[in-house]
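Heads up: the sequence shown runs through residues 21 to 176, numbered per this note's numbering.
Don't be surprised by glycine CBs; every beta carbon is placed ideally from N, CA and C.
Computed from a prediction, not measured in an experiment: that's the story for all the values here.
Everything on this sheet refers to the single structure shown next.
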Amino acid sequence: MENAKLLQHNLKQTGHFDIISKEKGLPLVAFTFKDKNKSLAFELSKALRHHGWIVPAYTMPANVEHIAVLRVVVREDLGRQLIEKLFSHISSALFELSETTNSVPKILLTVEVKVGNDHDKGSLHLPTTSIHLKQDKYDRDRKKVHEVGGKTKGAC
């Protein structure tokens, strides 16, 4: 339970999350983004999977389906060092997500459609000067989680 409390404390300190799990009972930490951004929860879950962590994201039932919850079960064999490592991966994933949402590549196209003389065939022309692509300045080095027997192997 101490490790679950440590994770709760660290998540609160970021200012990004609301903790919705109770401290009594199961060693479980359930949390949501403060801004209730559902897509960020699923993106964070995916980013953590690249680090080898399995932190599922769920949408809530009817009437609150706009809220997505992330859940970490803190097992007995998940020591303080692994909790700190998980939190560092959460922090780096949050940084990556904030960088990618701020620098989404954009493509702007100008398309000219010309009708042919025989009215059956036309042409499509994309002037090279009209194509503008803003490149993402961050290349990501993704770690792959290997599957064994049809199931992914992760730390939690």
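Which of the three DSSP states, helix, strand or coil, is assigned to residue i?
| i | result |
| --- | --- |
| LEU90 | strand |
| ALA82 | coil |
| ILE40 | coil |
| LEU64 | helix |
| ASN57 | coil |
| TYR158 | Low per-residue confidence applies at TYR158: pLDDT is 47, beneath 50, and the placement is therefore not dependable, though the value from the model is reported in the following sentence. Coil at TYR158, not helix or strand. |
| LEU114 | helix |
| HIS71 | coil |
| LEU98 | coil |
Bridge partners for residue i per DSSP, in chain order?
| i | result |
| --- | --- |
| VAL49 | VAL92 |
| ALA77 | LEU90 |
So, for residue i: in the same chain, excluding its five sequence neighbours on each side, which residues have a beta-carbon less than 8 Å away from its beta-carbon?
| i | result |
| --- | --- |
| PRO76 | SER65, LEU90 and ARG91 |
| THR52 | PHE37, ASP38, ILE40, ALA61, ILE87, ALA88, VAL89 and LEU90 |
| LYS54 | GLY35, HIS36, PHE37 and ASP38 |
| LEU114 | THR34, HIS36 and LEU64 |
| GLY99 | ASN23 |
| SER111 | THR34 |
Between which residues of its own chain and residue i is the CB-CB distance below 6 Å, once the five residues before and five after are set aside?
| i | result |
| --- | --- |
| ALA50 | ILE40, SER41, VAL89 and ARG91 |
| LYS58 | ALA88 |
| MET21 | PRO47 |
| PHE107 | ASN30 |
| MET80 | ILE87 |
Once you ignore the five residues that flank residue i on each side, which residues in its own chain have a CB closer than 7 Å to its CB?
| i | result |
| --- | --- |
| GLN28 | ILE39 and VAL49 |
| LYS25 | GLU43 |
| LEU117 | LEU60, GLU63, LEU64 and ALA67 |
| HIS109 | LEU68, HIS71 and TRP73 |
| LYS56 | HIS86 and ILE87 |
| LYS32 | ILE39 |
Any heavy atom of the ligand MN inside 6 Å of the beta-carbon of residue i?
| i | result |
| --- | --- |
| ALA50 | The model depicted lacks the ligand MN and carries no ligand whatsoever. |
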